[in-house]
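Undergrad: Just dropping this structure here.
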Amino acid sequence: MNRNNTFKSVLIGLLAAAWLFSCQTGSQPSDEEVAAKTSTPDSIAVNEITLTESQYRAIGVQLGSVQNETVSSEVKANGRVDLPPENRATVSLPIGGKIRYVNTLPGQRVRKGELLATLESFDFIQLQQDYLQNSSQLTFLGKELERQKTLSGENVGARKNYEKAQADYDATQALTQSLAAKMKLLGLSVGSLEKNGIAPTARIVSPVNGYITIANINLGKQVAPGEELLEIIDKSHMHIELNVFEQEAALIKKGQEVRIIPASGAPMQAYVHLVGRMLEGESRSLNIHAHVRDEKREQELIPGEYVSAYIRTGSRTALTVPPDALVRKGANGFIYIEKNSREFHRIPVEIGDTAESGSIAIKTPVELTGQKLVTKGAYLIDAEFAKRSEPEE
487 MNRNNTFKSV LIGLLAAAWL FSCQTGSQPS DEEVAAKTST PDSIAVNEIT LTESQYRAIG
547 VQLGSVQNET VSSEVKANGR VDLPPENRAT VSLPIGGKIR YVNTLPGQRV RKGELLATLE
607 SFDFIQLQQD YLQNSSQLTF LGKELERQKT LSGENVGARK NYEKAQADYD ATQALTQSLA
667 AKMKLLGLSV GSLEKNGIAP TARIVSPVNG YITIANINLG KQVAPGEELL EIIDKSHMHI
727 ELNVFEQEAA LIKKGQEVRI IPASGAPMQA YVHLVGRMLE GESRSLNIHA HVRDEKREQE
787 LIPGEYVSAY IRTGSRTALT VPPDALVRKG ANGFIYIEKN SREFHRIPVE IGDTAESGSI
847 AIKTPVELTG QKLVTKGAYL IDAEFAKRSE PEE
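No gaps in the numbering here: position 115 of the sequence shown is 601 in our numbering, and each next residue is one more.
What follows is the structure, given as structure tokens:
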């Protein structure tokens, strides 16, 4: 009897242990269930945030929606403002001497023909003297030529004298004309010399309307023939010289629109005027010559300043969001979508080109049609998101 009771007690204990083990085993989720529960809820939690009512009001969240807009495909380029050769003048004189008078400063506005300096030169004085002497000699030889012409018909000897007189006259005339041309290069006319006599100084005048950029002269300076004294630029027309890298060179065509962003002001519109035909330098870049469309805006540019440019090479339709809706993180970024009241999901996006409206093209596999997009306050929501993501100490 006691043995039967003992056997029953052991059997009951084993059954109870088996039942408890089965209950514990049944309550444990499978590996697949664990993965499902940790992947789906946790991934959503990582990319969502719920604001309190006070946070929502403080941030001033505004909602909108993504748009479909035409955006331009653009090639980025760098360059600088430049002048055509005819708008840049270097001032020098073909004779040497000493600066007697000077009225020039870099940045000074000057008019074409305006007196900027004078040069005292013995060569200049000698040139005028030679002209006057040869001019007087030419007058005498002209009369002698007429006299010999009259006598030339009488005998052979007279004919020879006439031919010599003609040769002397022609040689002196050529020399006189040469001296007159040299004086003209120095800004002195024959009429002024004959009327006013020998001038002690040569006038240095501006060849163009514009601004002085270089002034290498001062009172009393001894200058050599051909030495650069002044540089004057005419800003009536400027252009943009851009450089495009080899891999994008084939995309550039004459007439394409260009958005110029100068360091000195707001963006301005231009167009491709000329496309280079040869890759230059170690950078293997192509030179692009662009003209600004608005002449008034063009005058805001400063010759030599560096600019950024975006050359429009095509267009396409894309999803766009306002700039304030995009939280930039390097080359990509995030947008926020409101799913429920004060509950926002963060969605990663690729950043594309900019539409004419200023909106920015984005690319994401997430369906955004009909979604409530945060158009204002995205950066502040992201700041709260970052706080929540920080590990607790």
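Idealized CB from N, CA, C, for every residue including glycine.
Since I746 sits in a beta bridge, which residues does DSSP pair it with?
TA: I746 is bridged to M754 and A795.
Undergrad: Under the DSSP definition of a beta bridge, which residues are partnered with D568?
TA: Beta-bridge pairing links D568 to H725.
Undergrad: Could you name the residues that DSSP lists as bridge partners for R475?
TA: Residue 475 is absent from the model: the chain starts at 487 and stops at 879.
Undergrad: Tell me, please, which residues DSSP counts as bridged to P851.
TA: None, per the DSSP bridge assignment.
Undergrad: Quick check: the segment 752–767 against the segment 825–836, are there 3 or more CB pairs under 8 Å?
TA: No, the segment 752–767 does not touch the segment 825–836.
Undergrad: What's the C-alpha gap between N818 and D839?
TA: Going from the Cα of N818 to the Cα of D839 covers about 12 Å.
Undergrad: Is it buried or exposed for P711, if we count other Cβ within 10 angstroms and need 16 for buried?
TA: Per the 10 Å Cβ criterion, exposed.
Undergrad: Check whether the Cβ atoms of I797 and V709 sit closer than 9 Å, and answer yes or no.
TA: Not in contact: I797 and V709 (Cβ atoms no closer than 9 Å).
Undergrad: Along the beta strand (DSSP E) that carries N682, what are the first and last residues, could you check?
TA: First-last for N682: V676 to N682, but that is the alpha helix (DSSP H), not the beta strand (DSSP E).
Undergrad: Measure the beta-carbon distance from I703 to Q614 and round it to whole angstroms, keeping in mind my assumption that it falls under 8 Å.
TA: I703 to Q614, Cβ: 23 Å. No contact.
Undergrad: What residues are listed by DSSP as bridge partners for S769?
TA: Answer is none; S769 lacks a bridge partner.
Undergrad: What is the rounded straight-line gap between the Cα of N729 and the Cα of A804?
TA: Roughly 28 Å separates the two Cα atoms.
Undergrad: Rounded to a whole number of angstroms, what is the C-alpha to C-alpha distance between D654 and A667?
TA: Rounded to whole angstroms, D654 to A667 spans 20 Å at the Cα level.
Undergrad: Ends of the alpha helix (DSSP H) at I545?
TA: Unbroken alpha helix (DSSP H) run through I545: E539 to I545.
Undergrad: Quick test of your reading: A603 and I690, contact by CB under 8 Å. State the CB separation rounded to the nearest angstrom.
TA: Contact holds; Cβ gap of about 4 Å.
Undergrad: By DSSP, does S578 sit in helix, in strand, or in coil?
TA: The answer is coil: DSSP assigns S578 none of H, G, I, E or B.
Undergrad: Among residues of its own chain, excluding the 5 on either side of V676, which ones have a beta-carbon nearer than 6 Å to its beta-carbon?
TA: Only A666 meet the Cβ criterion.
Undergrad: Is S771 near T806, with beta carbons less than 9 Å apart?
TA: Result no, Cβ atoms of S771 and T806 do not sit closer than 9 Å.
Undergrad: So what does Q548 bridge to, in DSSP terms?
TA: DSSP lists K862 as partners of Q548.
Undergrad: From S794 to H775, what does the alpha carbon distance come to, in whole angstroms?
TA: So the alpha carbons of these two residues sit roughly 14 Å apart.
Undergrad: Is it buried or exposed for T636, if we count other Cβ within 10 angstroms and need 16 for buried?
TA: When all chains shown are included, T636 counts as exposed.
Undergrad: Hey, how far is the Cα of S529 from the Cα of K782?
TA: Residue confidence is low: S529 scores 41 on pLDDT, short of 50, so the model does not pin down where it sits. No coordinate-derived value is stated.
Undergrad: Verify whether the separation of the beta carbon atoms of L579 and L715 is less than 9 Å.
TA: Yes. Within cutoff.
Undergrad: Rounded to the nearest angstrom, how far is the Cβ of A841 from that of E560, given a contact under 8 Å?
TA: Actually they are not in contact, since the Cβ atoms of A841 and E560 sit about 11 Å apart, beyond 8 Å.
Undergrad: What's the C-alpha gap between Y822 and S843?
TA: When rounded, the distance between both Cα atoms is 21 Å.
Undergrad: Using beta-carbon positions only, say whether R779 and Y697 come within less than 9 Å of one another.
TA: The answer is no: Cβ separation not under 9 Å.
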